[in-house]
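Below is one structure, written out as structure tokens; the observations come after it.
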Amino acid sequence: NAHASAWHVDLESDVRSLMSVESNWEWFTTTHHELGHIYYYTSYSRPEVPYLLREGANRSYHEGMGDLIALAASQEPYLREIALLPEGQEVDETAWLLDSALTGPITFLPWSAGVMSHFERDLYAGNLPADQLNARWWEHVSRFQGMGPPSARPADGCDACTKTHINDDPAGYYDYALANVLVYQLHDHICREILHQDPHACNYYGHREVGDFLRGIMAPGASRDWREVLREATGRDLTAEPMLEYYRPLLTYLEEQNRGRTCE
């Protein structure tokens, strides 16, 4: 099974992860993402939380915690501390941020919140006929991602079915979309308000107060309203402002590079 996953087998202490790990950067961050799920499981597996409420505050919280741990593990100061980035090896901060954007929320959100959520609405709520699956899919891809198919697509095909969660977890990608926003709100708060560090170069490692902050969010499971939990933790309702601020240096760079150019 090439799709990584984490499991809370007995809603108690039996936690497991299934991954076909390879020694590369993608799997480094994926492993940390799955560990985020595991930490969440163990945080709310306590007598105060009924079994039926031993899950994320909402579904996106679980993915958000996984992505937050992956983001924390990709920060340069942490990578230097654990010697994955050797002394003397320089990091191109703009290239690093560009890679993060292109493998993360900047390209993912139009697809997950745009293409996937609209296609699934058509599929499940609209009872989309089988002979319209491909046509409707590519309509949404064109609208939200600005791309066309690589070649003529068969009318009786279903390119959307190549996505795992279309088959096994309806609305799963919308969870990921909300999680992308949640991640940067939590990360920004941790870096600025708890550690007093730059969110682009922040090191959680060894700081118990960060663990206490995250445990306070995870420990209630689904026993409290997710909005109240987020408001108490960060002082704000859900907002994309921290995500936009995180990538602002990249936007400034790209605006400079593209000044005077036109796109047709």
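Using my numbering, the first residue of the sequence shown is number -4, and each one after it goes up by one. From the three backbone atoms N, C-alpha and C, an ideal C-beta is built for every residue, glycine too. Computed from a prediction, not measured in an experiment: that's the story for all the values here.
Worksheet entry | Option nearest P237 by Cα separation, candidates H182, E204 and E223 | Within the sequence shown, residue 237 is the residue found at index 242, counting from 1. Among H182, E204 and E223, the Cα nearest to that of P237 is on H182.
Worksheet entry | At least 3 beta-carbon pairs within less than 8 Å: the region 73 to 85 vs the region -2 to 8 | no
Fill in: Whole-angstrom C-beta distance between N175 and P311, which should lie under 8 Å
Outside the modelled stretch of the chain, which goes from -4 to 259, sits residue 311, for which no answer is possible.
Discussion item. Between C258, S107 and E204, which has its C-alpha nearest L173's C-alpha?
Written reply: On the sequence shown, position 178 is the one that residue 173 refers to. Here the closest residue by C-alpha is S107.
Worksheet item: Does the beta-carbon distance from F139 to G109 come in below 8 Å?
Response: Mapped onto the sequence shown, residue 139 falls at position 144. Mapped onto the sequence shown, residue 109 falls at position 114. Yes.
Practice prompt. Please check the pair G216 and L48, which I expect to be a contact at CB under 8 Å, by giving their CB distance rounded to whole angstroms.
Written response: Indexing the sequence shown from 1 puts residue 216 at position 221. Indexing the sequence shown from 1 puts residue 48 at position 53. Confirmed, Cβ separation roughly 5 Å.
Worksheet item: What number of angstroms, rounded off, separates the C-alpha of A147 from the C-alpha of E134?
Response: For the purposes of this step, residue 147 is taken as residue 152 along the sequence shown, with counting starting at 1. For the purposes of this step, residue 134 is taken as residue 139 along the sequence shown, with counting starting at 1. Roughly 13 Å between the two C-alpha positions.
Fill in: Selection from G152, P72, I33 and Y169 that minimises the alpha carbon distance to R116
On the sequence shown, position 121 is the one that residue 116 refers to. Nearest C-alpha to R116: Y169.
Worksheet item: Any chance the region 15 to 22 sits against the region 193 to 212, with 3 or more Cβ pairs inside 8 Å?
Response: no
Worksheet item: Once you ignore the five residues that flank T26 on each side, which residues in its own chain have a CB closer than 7 Å to its CB?
Response: Residue numbering aside, residue 26 sits at position 31 when the sequence shown is read from its first letter. Once the five neighbours on either side are set aside, the close Cβ partners of T26 are M14 and V16.
Discussion item. Classify G59: buried if its beta carbon has 16 or more other beta carbons within 10 angstroms, exposed otherwise.
Written reply: The sequence position of residue 59 within the sequence shown is 64, counting from 1. With 16 or more other Cβ atoms within 10 Å, it is buried.
Worksheet item: Comparing alpha-carbon positions, which option in Q127, N53 and Y248 lies nearest W91?
Response: Here the question's residue 91 lines up with position 96 in the sequence shown. Taking only the C-alpha atoms, the option nearest W91 is Y248.
Practice prompt. For E250, I'd like the list of residues in its chain whose CB is within less than 6 Å of its CB, leaving aside the five on either flank, ordered along the chain.
Written response: Residue mapping note: residue 250 aligns to position 255 of the sequence shown, counting from 1. Around E250: no qualifying Cβ.
Worksheet item: With contact counted as at least three CB pairs below 8 Å, one residue from each stretch, are the region 217 to 236 and the region 64 to 77 in contact?
Response: no
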